[in-house]
Every structure is written in C-alpha cells, then in structure tokens.
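All remarks here apply to the structure that follows.
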Amino acid sequence: MAEFIAFEGIDGSGKSTQARALHRRLLHHAHPVLLVHEPGGTPLGESLRRWVKRRQGLFPLTELYLFNAARAQLVEQVIRPALEQGVTVVADRFSASTVAYQSYGRGLDLELVLQVNQGATGGLSPDLTVFLDVLPEIGRGRKSIGNKDNFDAAPLEFYQRVRQGYLDQAQSPVSGNGPDWLILDGSKPKTQLSDEIWGIVQPLL
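Per the numbering used here, residue 506 is the first one in the sequence shown, and the count goes up by one each step.
As structure tokens, this is what we get:
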C-alpha cells in the first residue's frame with residue numbers, strides 16, 4: 506500500500522536525516538519508495554529553492570506564493586503520480602512547513618496561508634506527519650557556520666514562533682496536513698529516532 510509520509514521540524518531538527526533514513530530502510534525491505542524535498546524535486550522547484558533561500562528582500566507574501574508554486578509542480582509532476590503507481594512517498598517538508606514558517610514565523614494571515622496551500626496541493630495531505638521537535642537553540646547549534654541562507658540568518662525569536670506553529674498544528678491540525686501526527690523528541694540519538702519511526706511506519710505498510 507502506498508503511503509505519503511512527511512517529515513517536519515525547524516531547521517536543524519534532524520528531519521532531513523530521518524527522512525533519508527526511512528527512505529533507505531524502505532529500499533532495504535524492497536518497498537517501492539520515493540524521497541522528495543521541498544522546495545525542490547522538479548527543475549522549477551530547484552530554481553525556486555535557490556531564489557527563495559538566497560534572494561534578499563523578499564516579502565513574506567512573495568515567499569508564500571513561490572513556495573507553493575514549487576509545491577504545486579511537485580505534487581502534480583512527482584508526488585501524485587508516484588502514489589497512484591503504488592509508490593510510497595517520503596517528503597522532507599510539506600504544507601505544514603508553510604503554516605509554521607510563513608504564518609507563525611513571518612506573520613501572514615493563517616486563513617490565507619491555508620487557502621494557498623490547499624490550492625497548491627489540490628487537497629493532497631500526508632497519511633502521517635513526523636514532527637521532530639527540538640528547541641530553537643539546539644537546532645541553531647546544529648547548523649553549519651558558513652553558507653547561511655535567509656532562514657538560517659533569522660533571529661531566535663523567529664524559530665520560537667515557527668516551533669509553536671508546529672506544536673499547534675500537531676495538537677490541533679488545521680494545516681490540511683491530515684490528523685495523524687507523530688511528535689518525537691528530535692534531541693534523541695539518530696538511531697533511536699530511526700527505530701521509533703520505523704516502528705510506527707511499518708504497520709502502515
């Protein structure tokens with residue numbers, strides 16, 4: 506059975522590491538699986554990723570529409586076709602990220618963000634959202650010093666708001682990301698987290 510599993514968390518939470526770990530584990534068990542990341546996964550998405558993360562002076566509303574342009578392309582070109590073919594999709598970020606970053610972090614109206622997300626996804630939502638929760642101080646400490654993008658350079662208060670956005674969605678999902686959230690302590694050892702995630706995902710498959 507194909508499942509759509511999204512990994513979420515603030516920068517430095519370890520979500521990308523765990524998304525890759527689950528992808529490898531599924532491949533090892535000969536399960537058809539595809540790993541995608543946002544923004545990206547298509548030529549348009551990769552171009553928009555570089556633009557949004559490096560371009561100075563973008564307004565929050567501009568960010569919202571650019572991220573969702575990349576998402577719309579990814580959903581229609583990659584994610585939906587894979588799911589229809591019985592391939593499980595593991596996503597490093599999805600629409601919950603936009604709620605957390607652009608609404609809670611940047612201050613955009615929540616209803617607007619939800620509407621734009623809904624249009625970009627066509628109503629598609631993950632079957633399971635894995636949220637790796639870490640304090641912003643921990644997440645920032647894990648990031649490399651060089652090559653900081655617009656989000657890495659954001660103040661600590663920004664990531665405190667983003668984390669709260671994730672916690673609010675996990676406790677009362679309103680993001681269009683579905684009701685099934687798994688909240689894990691992102692400060693735990695990587696192998697322990699990987700085993701915990703596998704224990705939840707394996708029965709779904």
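For every residue, glycine included, the Cβ atom is placed at its ideal position computed from N, Cα and C.
In three-state terms, what does DSSP make of residue i?
i    : result
T547 : coil
V604 : helix
H533 : helix
D657 : coil
D673 : helix
G681 : For G681, the predicted model reports a pLDDT of 49, less than 50, meaning its position is unreliable and no value from the coordinates is stated.
V592 : coil
F636 : strand
Spatial neighbours of residue i within its chain, please: C-beta separation below 6 Å, excluding the five flanking residues on both sides.
i    : result
G519 : L637 and G691
V705 : The sequence given here has Ile at residue 705, not Val. These residues qualify, in order along the chain: L687.
S531 : The amino acid occupying residue 531 in the given sequence is Leu; Ser does not appear at that position. So the list reads V538, once near-sequence residues are dropped.
G545 : E551 and R554
I584 : V594
L571 : L553 and V557
Check for me: the alpha helix (DSSP H) holding residue i runs from which residue to which?
i    : result
A702 : Looking at the sequence shown, residue 702 is not Ala but Ile. Here the alpha helix (DSSP H) through I702 covers K695 to L709.
Q572 : Here residue 572 turns out to be Phe, not Gln, going by the sequence shown. Run containing F572: P565 to L579, per the alpha helix (DSSP H) assignment.
V618 : L615 to T626
I643 : P641 to R647
V629 : Position check: residue 629 holds Leu in this sequence, whereas Val was assumed. First-last for L629: undefined, no H or E at that position.
Starting from residue i, trace the beta strand (DSSP E) in both directions and tell me its first and last residue.
i    : result
E513 : F509 to E513
I584 : Unbroken run through I584: none, as it is neither H nor E.
D690 : W686 to D690
Excluding the 5 residues preceding and the 5 following residue i in the sequence, name in chain order all residues of the same chain whose CB lies nearer than 8 Å to its CB.
i    : result
S521 : F512, H542 and D597
Y664 : I515, D516, G610, P641, G644 and R645
P565 : Q607, R611, G612 and L613
E662 : none
P708 : none
L689 : V635, F636, L637, D638, L698, E701 and I702
Assuming the contact rule is C-beta atoms closer than 8 Å, residue i and residue j should be a hit. Round their C-beta distance to whole Å, please.
i    : j    : result
E508 : D632 : 5 Å
V580 : A625 : 7 Å
L710 : H533 : That belief does not hold up - the Cβ atoms of L710 and H533 are roughly 13 Å apart, past 8 Å.
V635 : I702 : 6 Å
Apart from the five residues on each side of it in sequence, which residues of its chain come closer than 7 Å, Cβ to Cβ, to residue i?
i    : result
H528 : V538, L540 and V595
Q669 : Y609
For residue i, verify whether its CB is less than 8 Å away from any heavy atom of the ligand GTP.
i    : result
G612 : Ligands in the displayed structure: none, and consequently the ligand GTP is not present.
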